[in-house]
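Q:
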RNA sequence: GGUACCAUCGCCAAGAGGUAAGGCAAAGGUCUGCAAAACCUUUAUUCCCCGGUUCAAAUCCGGGUGGUACCU
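Numbering (our numbering), first residue to last: 2 to 304.
(1) Compute the minimum distance between the beta carbon of residue 241 and the heavy atoms of the ligand FAD, and state whether it is under 8 Å.
(2) Hey, how far is the Cα of residue 229 from the Cα of residue 78?
(3) Whole angstroms is fine: what's the gap from residue 158's alpha carbon to residue 220's?
(4) Between which residues of its own chain and residue 13 is the CB-CB distance below 7 Å, once the five residues before and five after are set aside?
(5) Taking only three categories from DSSP, how would you classify residue 238?
(6) Closest to residue 293 by C-alpha separation, out of 247, 190, 39, 119, would be which residue?
(7) Quick check on DSSP: helix, strand or coil for residue 42?
(8) In the DSSP output, which residue or residues are listed as bridge partners for residue 10?
(9) With DSSP as the reference, label residue 89 as helix, strand or coil.
(10) Can you give me the Cβ contacts of residue 153 inside the same chain, cut-off strictly under 6 Å, excluding the 5 residues immediately before and after it?
(11) Taking a contact to mean a Cβ-Cβ separation below 9 Å, would you say residue 82 touches residue 67 in this structure?
(12) Out of 122, 139, 80, point me to the one whose CA is closest to residue 179's CA.
(13) Starting from the Cα of residue 5, find the closest Cα among 84, 172, 285, 116 and give me that residue.
(14) Just reading off the alpha helix (DSSP H) that residue 162 is part of, what are its end residues?
(15) Does residue 156 come out as helix, strand or coil in the three-state DSSP assignment?
(16) Roughly how many angstroms lie between the CA atoms of residue 95 and residue 40, to the nearest whole one?
(17) Just curious, the beta strand (DSSP E) that residue 258 is in, first and last residue?
(18) What does DSSP give as the partner residue(s) for residue 179 in the beta ladder?
(19) Any idea if residue 194 is buried or exposed, counting beta-carbon neighbours within 10 angstroms, 16 or more meaning buried?
(20) Which word fits residue 185, buried or exposed, when buried means at least 16 other C-beta atoms lie within 10 angstroms of its C-beta?
(21) Tell me which same chain residues have a C-beta within less than 8 Å of the C-beta of residue 49, skipping the five on either side of it?
(22) Looking only at its own chain, which residues have a Cβ that is under 8 Å from the Cβ of residue 176, when we skip the five neighbours before and after it?
(23) Take the Cβ of residue 206 as the centre, count every other Cβ of all protein chains shown within 10 Å, and call the residue buried at 16 or more, exposed below.
(24) Quick check on residue 243: does DSSP put it in helix, strand or coil?
(25) State yes or no: is the C-beta of residue 90 within less than 9 Å of the C-beta of residue 24?
(26) Pick helix, strand or coil for residue 95, following the three-state DSSP scheme.
(27) Check whether the Cβ atoms of residue 240 and residue 226 lie closer than 9 Å to each other.
(28) Measure the alpha-carbon distance for residue 10 versus residue 135 and round it to whole angstroms.
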């Protein structure tokens with residue numbers, strides 16, 4: 002099977018991924034696929050820092066606004082969607098450029114994680130949620146031990162999310178499996194000094210509120226969305242929802258969004274560090290960063 | 001000016017004579033189907049300052065400094 006060449010532009014929130022991606026896409030006849038677990042949702046624009054029509058500069062973008070805000074979407078769906086898009090774009094002789102901050106999505110794609118091995122089992126999950134409520138994580142852990150002692154050895158015993166998934170897999174006699182990844186990746190990780198990044202995150206958050214984040218969430222709320230929806234659990238949405246319900250003050254809301262965004266950026270950076278074969282690009286000097294990436298891409302496309 | 005109360009990590013805060021809880025932040029980390037999620041680790045030799053009592057003081061006493069409340 003022929004591997005398709007794909008360029009990845011990763012990095013923490015607010016580092017400027019979208020802008021670089023558009024610039025590179027124009028130079029290399031590229032099309033952009035978003036790897037962002039929030040920008041997939043229609044109607045979540047301001048809070049997700051979604052790229053605008055104008056900012057796209059006529060470069061084709063995929064993976065944005067592909068879900069209704071009440072729908073669910075997972076890493077599995079992302080891989081499916083994106084693999085298909087990569088094929089399409091490559092067929093057009095364009096360069097697929099995957100841009101985003103959702104680490105698992107990208108890792109699953111590049112490492113060939115096979116999520117198809119075990120499907121989500123809603124009924125089982127409901128039972129396990131009850132078990133968690135009654136017996137806590139210990140209850141879940143004991144069950145996992147019975148089902149798959151090997152898996153229980155390495156699991157994070159305190160993490161209900163992981164325990165539930167591990168049990169789900171064990172019940173289906175599943176194992177983590179890999180498939181042959183159909184892509185050849187060139188991965189860039191954009192980075193900036195932490196302090197600068199945090200300052201920009203704070204400033205961007207202020208701007209989101211000026212641009213009407215509260216109104217955006219208000220509208221979604223009126224559509225019937227609640228904190229039970231996946232989309233409304235995103236940073237910038239859950240806090241505003243909490244404010245609209247009168248649980249926190251306006252000032253608290255703004256501070257929390259900033260704080261959660263900073264925490265998120267830190268986790269993204271940590272996640273990237275664990276990925277191998279990543280090419281780090283310091284983007285404080287914009288022009289230099291573009292040149293570096295341009296050269297790497299040229300080399301990548303040659304062979 | 002007088003009286004009362006308070007002063008513990010960047011912030012909130014427990015502690016009441018026996019050797020500094022906890023939460024938040026921060027830093028580091030984990031990661032195969034909600035990942036903007038979930039979870040883990042680390043972080044005050046020292047309690048505003050000075051002196052005293054005591055085997056032992058963040059805790060008791062005296063003085064200073066700062067804050068808050070009330071009175072004149």
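Think of the CB as a built atom: it goes at the ideal place given N, C-alpha and C, for glycine as much as any other residue.
A: The relevant details are as follows:
(1) With respect to the ligand FAD, the structure shown offers nothing to examine, as it has no ligands at all.
(2) Mapped onto the first chain, residue 229 falls at position 228. Mapped onto the first chain, residue 78 falls at position 77. If you take the alpha carbons of residue 229 and residue 78, they lie about 20 Å apart.
(3) To locate residue 158, count along the first chain from 1; it is residue 157. To locate residue 220, count along the first chain from 1; it is residue 219. When the Cα atoms are used, residue 158 and residue 220 turn out to be separated by approximately 40 Å.
(4) As a position in the first chain, residue 13 is number 12, starting the count at 1. Cβ within range, chain order: 102, 198, 266, 269, 270.
(5) Here residue 238 corresponds to residue number 237 of the first chain, with the count starting at 1. DSSP places residue 238 in coil when its eight states are reduced to three.
(6) What you label residue 293 is simply residue 292 of the first chain in a count that begins at 1. Among 247, 190, 39, 119, the Cα nearest to that of residue 293 belongs to 190.
(7) Here the question's residue 42 lines up with position 41 in the first chain. Strand, per DSSP.
(8) Here residue 10 corresponds to residue number 9 of the first chain, with the count starting at 1. Looking at the DSSP assignment, residue 10 forms a beta bridge with 100, 189.
(9) As a first step, residue 89 is located in the first chain; it is residue number 88 there, counting from the start. Reduced to three states, the DSSP call for residue 89 is helix.
(10) By 1-based counting over the first chain, the position of residue 153 is 152. Within the same chain, residue 153 has close Cβ partners 145, 146.
(11) Start at 1 with the first residue of the first chain, and residue 82 comes out as number 81. Start at 1 with the first residue of the first chain, and residue 67 comes out as number 66. Residue 67 sits close to residue 82, with the two beta carbons spaced by under 9 Å.
(12) Position 178 of the first chain, counted from the start, is the residue given in the question as residue 179. When each option's Cα is compared against that of residue 179, the closest is 80.
(13) For the purposes of this step, residue 5 is taken as the residue at position 4 of the first chain. The shortest C-alpha separation from residue 5 is found at 84.
(14) As a position in the first chain, residue 162 is number 161, starting the count at 1. Taken as a continuous stretch (DSSP letters only), the alpha helix (DSSP H) holding residue 162 covers 161-172.
(15) Here residue 156 refers to the residue found at position 155 of the first chain. Here residue 156 sits in coil by DSSP.
(16) Within the first chain, residue 95 is the residue found at index 94, counting from 1. Within the first chain, residue 40 is the residue found at index 39, counting from 1. Using only the alpha carbons, I get a separation of about 23 Å.
(17) For the purposes of this step, residue 258 is identified with residue 257 of the first chain, where counting begins at 1. For residue 258, there is no enclosing beta strand (DSSP E); the enclosing alpha helix (DSSP H) has its first and last residue at 251-274.
(18) Stepping through the first chain from its first residue, residue 179 is reached at position 178. DSSP links residue 179 through a beta bridge to 114.
(19) Taking the first chain and counting its residues from 1, one reaches residue 194 at position 193. By the 10 Å Cβ count, residue 194 comes out exposed.
(20) Here the question's residue 185 lines up with position 184 in the first chain. With fewer than 16 other Cβ atoms within 10 Å, it is exposed.
(21) For the purposes of this step, residue 49 is taken as the residue at position 48 of the first chain. Taking C-beta separations shorter than 8 Å and ignoring five residues to either side along the sequence, the partners of residue 49 in its chain run 37, 39, 40, 42, 235, 237, following chain order.
(22) Indexing the first chain from 1 puts residue 176 at position 175. Within the same chain, and ignoring the five residues on either side of residue 176 in sequence, the residues whose Cβ sits closer than 8 Å to its Cβ are 118, 170.
(23) One-based indexing of the first chain puts residue 206 at position 205. Around the beta-carbon of residue 206, 16 or more other beta-carbon atoms lie within 10 Å, marking it buried.
(24) Numbered from 1 along the first chain, position 242 holds the residue referred to as residue 243. Looking at residue 243 - three-state DSSP - the assignment turns out to be helix.
(25) Numbered from its first residue, the first chain carries residue 90 at position 89. Numbered from its first residue, the first chain carries residue 24 at position 23. Not closer than 9 Å, so no.
(26) Mapped onto the first chain, residue 95 falls at position 94. Residue 95 falls in the coil class under three-state DSSP.
(27) Looking up residue 240 in the first chain gives position 239. Looking up residue 226 in the first chain gives position 225. No, they are not a contact pair.
(28) By one-based count along the first chain, residue 10 stands at place 9. By one-based count along the first chain, residue 135 stands at place 134. Approximately 44 Å between the Cα atoms of the pair.
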